[in-house]
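Here the structure is laid out as structure tokens; the discussion comes afterwards.
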Amino acid sequence: MSEATKVAVVYYSSTGTVYELAKSIVEGAEKAGAEVRLRKVAELAPAEAIAANAGWAAHAAETQDVPVATAEDIAWADAVIFGSPTRFGNIASQLKQFLDTLGGLWSKGQLADKVYSGFTATSTAHGGQESTLLAMYNTFHHFGGIVAAPGYTDPAKFADGNPYGTSHVAGQGELPVDDIARNAGQFQGRRVVRIAAALKAGLASAAEFAG
Ligand SMILES: Cc1cc2nc3c(=O)[nH]c(=O)nc-3n(C[C@H](O)[C@H](O)[C@H](O)COP(=O)(O)O)c2cc1C
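Numbering (my numbering), first residue to last: 6 to 216.
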């Protein structure tokens, strides 16, 4: 039997929205047969800033046992699905800092030929979900990655309406992640596993053919 597809779901979340989306993506990927690592990136904000925001402090406590992402998680994975809240239409600095630690892997070609995808959350409906995901996807091109956006390839995508990746509008925190976003997240997890498995098998058979 062939080895399970390995998926890393690597996210940043201050108040839990992106974390909820991450769990849906993990669920979808696991149901598709993948071995999944859920990892948060390291927090950079000072403890006083976190303590001053009840939602942020509560979420940090809730997820204290989620392992912190390392470069080895990325090297291990066949596919990586990154999540970040929108920050002024871009990804959060915490996720950017993590991406910037991957130069060593990049220089050895170890980020290439993997499948990448992304998910996000905003406060408002036109608050930058698409720009955040496209900004994230810039980096995947530099990795030599295969970007697997969900597109409109499933009914779940016509419901959430975002072909770039799973997303949710959280308001000021009063709009919790709903079934529309959860279904889209599960679909994204399944789709990434399917494409990563096909890519891995195709690359292996191409290497055999070439050898
Ligand atoms: C510095 C900062 C910048 C933000 N910029 C935007 C923005 O441009 N558009 C928007 O809709 N929400 C913006 N937000 C709100 C967050 O994106 C929103 O609260 C977040 O998606 C919730 O995700 P989380 O619960 O996983 O932290 C911003 C929040 C912060 C702290």
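A virtual CB, placed ideally from N, CA and C, is assigned to each residue, including glycine.
Heavy atom of ligand 1 within 7 angstroms of residue i beta-carbon
i, result
"residue 90", "yes"
"residue 124", "no"
"residue 120", "no"
"residue 62", "no"
"residue 232", "Summary: the structure shown does not reach residue 232, with the chain confined to residues 6 through 216, and so no result is reported for it."
"residue 24", "yes"
"residue 87", "no"
"residue 76", "no"
"residue 106", "no"
"residue 129", "yes"
"residue 132", "yes"
"residue 20", "yes"
"residue 163", "no"
"residue 250", "Since the first residue shown for the chain is 6 and the last is 216, residue 250 is missing from the structure and cannot be characterised."
Integer-rounded CB distance, given that residue j should sit under 8 angstroms from residue i
i, j, result
"residue 117", "residue 148", "6 angstroms"
"residue 43", "residue 71", "6 angstroms"
"residue 46", "residue 17", "5 angstroms"
"residue 220", "residue 137", "No statement about residue 220 is possible, as the shown extent of the chain runs from 6 to 216 and does not include it."
"residue 182", "residue 84", "That pair is no contact at about 22 angstroms."
Whole-angstrom distance between residue j and residue i, CA atom to CA atom
i, j, result
"residue 78", "residue 34", "16 angstroms"
"residue 167", "residue 73", "28 angstroms"
"residue 30", "residue 193", "6 angstroms"
"residue 135", "residue 169", "7 angstroms"
"residue 115", "residue 198", "19 angstroms"
"residue 210", "residue 187", "35 angstroms"
"residue 121", "residue 59", "33 angstroms"
"residue 151", "residue 178", "33 angstroms"
"residue 106", "residue 76", "7 angstroms"
"residue 61", "residue 67", "10 angstroms"
"residue 158", "residue 165", "12 angstroms"
"residue 123", "residue 139", "9 angstroms"
"residue 20", "residue 90", "9 angstroms"
"residue 82", "residue 101", "19 angstroms"
"residue 9", "residue 86", "16 angstroms"
"residue 144", "residue 185", "28 angstroms"
"residue 180", "residue 133", "17 angstroms"
"residue 41", "residue 14", "7 angstroms"
"residue 50", "residue 65", "11 angstroms"
"residue 201", "residue 119", "7 angstroms"
"residue 22", "residue 212", "41 angstroms"
"residue 155", "residue 141", "15 angstroms"
Tell me, please, whether the stretch 86-94 touches the stretch 47-54 by the rule of three or more beta-carbon pairs shorter than 8 angstroms. no
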